[in-house]
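Numbering-wise, numbering that gives the first Met the number 0 puts 19 at position 20 of the sequence shown, and it's gapless, one number per residue.
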Amino acid sequence: MRAEPAAGEKVIVFAPHPDDEVIACGGVIAAKAAAGARVLIVFSTDGSRSHSAVLGIESDPTPAELAVIRRKEAESAAKALGVPAENVVWLGHTDTRLAASMDAFRAQVTRLLAGHRDVAEVYLPHDVRELNADHRLTGEGVTGCLAGLGLSPRLRKYVVWDEDTEAAFAFANRAEPEREPSPTERLVSVDIAPWVARKLDALEEHRTQVTLFSPAQTRTVVPEPFLARLRAKRTEDFWIDESEEDA
Numbered sequence: 000m001r002a003e004p005a006a007g008e009k010v011i012v013f014a015p016h017p018d019d020e021v022i023a024c025g026g027v028i029a030a031k032a033a034a035g036a037r038v039l040i041v042f043s044t045d046g047s048r049s050h051s052a053v054l055g056i057e058s059d060p061t062p063a064e065l066a067v068i069r070r071k072e073a074e075s076a077a078k079a080l081g082v083p084a085e086n087v088v089w090l091g092h093t094d095t096r097l098a099a100s101m102d103a104f105r106a107q108v109t110r111l112l113a114g115h116r117d118v119a120e121v122y123l124p125h126d127v128r129e130l131n132a133d134h135r136l137t138g139e140g141v142t143g144c145l146a147g148l149g150l151s152p153r154l155r156k157y158v159v160w161d162e163d164t165e166a167a168f169a170f171a172n173r174a175e176p177e178r179e180p181s182p183t184e185r186l187v188s189v190d191i192a193p194w195v196a197r198k199l200d201a202l203e204e205h206r207t208q209v210t211l212f213s214p215a216q217t218r219t220v221v222p223e224p225f226l227a228r229l230r231a232k233r234t235e236d237f238w239i240d241e242s243e244e245d246a
């Protein structure tokens, strides 16, 4: 399955952290933008704690410094994918701690979606299958807000943080789901071969995550085996619910 043209459509990509948009959807974002879609990228958190939480590094950069750096990185990555900086939205919740501010998060997402009722397609973390709390709660919050507004765009749910990712990062921050996955959903692979180079260019813009950015680092935040698998992939995978597609 290829990333189909989407001229004139509005597409919103929800990412828990800056770099998840590239990891999960970079090829699709590039394809949609090139086809004339208006793509918005919405980040739940500020990305401030990747070094402190994953690597135990609290200075050079500090979490506050890192948040500023990662905002610039994400805007550069978006540009590499064909998305202008004004279409990048920051909700600003503390990295790794989205669970503590879900009421505010839902209110923000509701306001955002209310201003984009014509959205045709939404990419978001899977609200059940994702293990990381920031990821799963982003998906859960967005699906709840869509339902509350009576909106029914095409949903494309991705999984970045599964058990293999958790083991590779050697970091866990779980929030257990309250339900099982839908029995009518299936996994679809989208061919991104024409857009892989652009996706990887965007990934390199997230330098704090894919290089030894801090003098104290002995490994990259995103582990090299994970990066190697990502660089070799020519597809992106999304869960779709057949009952919603047929509605």
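Just so it is clear, CB atoms sit at the ideal spot from N, CA and C, and this is done for glycine as well.
Model, not experiment: these values are computed from the prediction.
Sort the options by Cα distance to residue i and report the nearest one.
{"i": "Phe13", "options": "Tyr122, Glu74 and Ala23", "result": "Tyr122"}
{"i": "Ala63", "options": "His50, Ala103, Gly149 and Ala73", "result": "His50"}
{"i": "Pro214", "options": "Gly81, Ser58, Val41 and Gly25", "result": "Ser58"}
{"i": "Glu243", "options": "Ala201, Lys71, Pro182 and Ala76", "result": "Pro182"}
{"i": "Arg233", "options": "Ile22, Pro17, Asp18 and Ala6", "result": "Ile22"}
{"i": "Leu90", "options": "Val41, Thr61, Leu150 and Leu54", "result": "Val41"}
{"i": "Glu8", "options": "Pro152, Ala73 and Asp19", "result": "Pro152"}
{"i": "Phe237", "options": "Glu120, Leu112, Ala73 and Ala79", "result": "Glu120"}
{"i": "Arg206", "options": "Leu39, Ala29, Arg37 and Pro60", "result": "Pro60"}
{"i": "Val158", "options": "Ser188, Arg178 and Ala146", "result": "Ser188"}
{"i": "Ala84", "options": "Asp94, Ala73 and His92", "result": "Ala73"}
{"i": "Gly299", "options": "Leu150, Thr93 and Ile56", "result": "Missing from the structure shown is residue 299; the chain here goes from 0 to 246 and no further."}
{"i": "Ala76", "options": "Thr219, Ala171 and Glu203", "result": "Glu203"}
{"i": "Ala99", "options": "Lys71, Arg116, Ala132 and Ala231", "result": "Ala132"}
{"i": "Pro193", "options": "Ile28, Asp18 and Glu20", "result": "Ile28"}
{"i": "Leu201", "options": "Asp18, Ile11 and Val10", "result": "What sits at residue 201 in the sequence shown is Ala, not Leu. Nearest of Asp18, Ile11 and Val10 to Ala201, Cα basis: Asp18."}
{"i": "Lys78", "options": "Ala171, Asp126 and Glu20", "result": "Glu20"}
{"i": "Pro176", "options": "Glu162, Glu139, Arg185 and Arg69", "result": "Glu139"}
{"i": "Val10", "options": "Arg37, Glu235 and Gln107", "result": "Arg37"}
{"i": "Gln216", "options": "Ala231, Gly55 and Val118", "result": "Gly55"}
{"i": "Val118", "options": "Leu39, Val87 and His16", "result": "Leu39"}
{"i": "Ser43", "options": "Arg69, Pro15, Ala231 and Phe170", "result": "Pro15"}
Starting from residue i, trace the beta strand (DSSP E) both ways and give me its first and last residue.
{"i": "Glu204", "result": "Premise fails: Glu204 lies in the alpha helix (DSSP H), Val195 to Glu204, not in any beta strand (DSSP E)."}
{"i": "Thr234", "result": "Thr234 to Asp240"}
Per DSSP, residue i is paired with what?
{"i": "Phe13", "result": "Val41"}
{"i": "Pro124", "result": "Tyr157"}
{"i": "Arg173", "result": "Asn131"}
If contacts are defined as beta-carbon pairs under 8 Å, then residue i and residue j qualify, I think. What distance do you get, rounded to the angstrom?
{"i": "Arg173", "j": "Leu130", "result": "6 Å"}
{"i": "Pro180", "j": "Arg135", "result": "Incorrect: roughly 12 Å between the Cβ atoms, too far for contact."}
{"i": "Lys198", "j": "Gly81", "result": "The Cβ separation is near 11 Å, so there is no contact."}
{"i": "Ala34", "j": "Ala6", "result": "5 Å"}
{"i": "Pro124", "j": "Thr109", "result": "With a Cβ gap of about 18 Å, Pro124 and Thr109 do not count as contacting."}
{"i": "Arg155", "j": "Ile239", "result": "6 Å"}
{"i": "Thr164", "j": "Phe225", "result": "7 Å"}
{"i": "Val221", "j": "Val209", "result": "6 Å"}
{"i": "Val53", "j": "Phe212", "result": "That belief does not hold up - the Cβ atoms of Val53 and Phe212 are roughly 12 Å apart, past 8 Å."}
{"i": "Leu148", "j": "Leu112", "result": "6 Å"}
{"i": "Asp94", "j": "Gly46", "result": "5 Å"}
{"i": "Ile191", "j": "Ala30", "result": "7 Å"}
{"i": "Glu184", "j": "Glu235", "result": "With a Cβ gap of about 16 Å, Glu184 and Glu235 do not count as contacting."}
Quick one: give me the first and last residue of the alpha helix (DSSP H) that residue i is part of.
{"i": "Arg185", "result": "Note, Arg185: premise wrong, no alpha helix (DSSP H); beta strand (DSSP E) at Glu184 to Asp190."}
{"i": "Gly140", "result": "Ala132 to Leu148"}
{"i": "Val21", "result": "Asp19 to Ala33"}
{"i": "Arg228", "result": "Glu223 to Ala231"}
{"i": "Ala166", "result": "Glu162 to Phe168"}
So within the region 37–116, which uninterrupted beta strand (DSSP E) runs reach at least 3 residues, ignoring any that extend past its ends?
Segments of the beta strand (DSSP E) lying fully in the region 37–116: 37–44 and 87–92.
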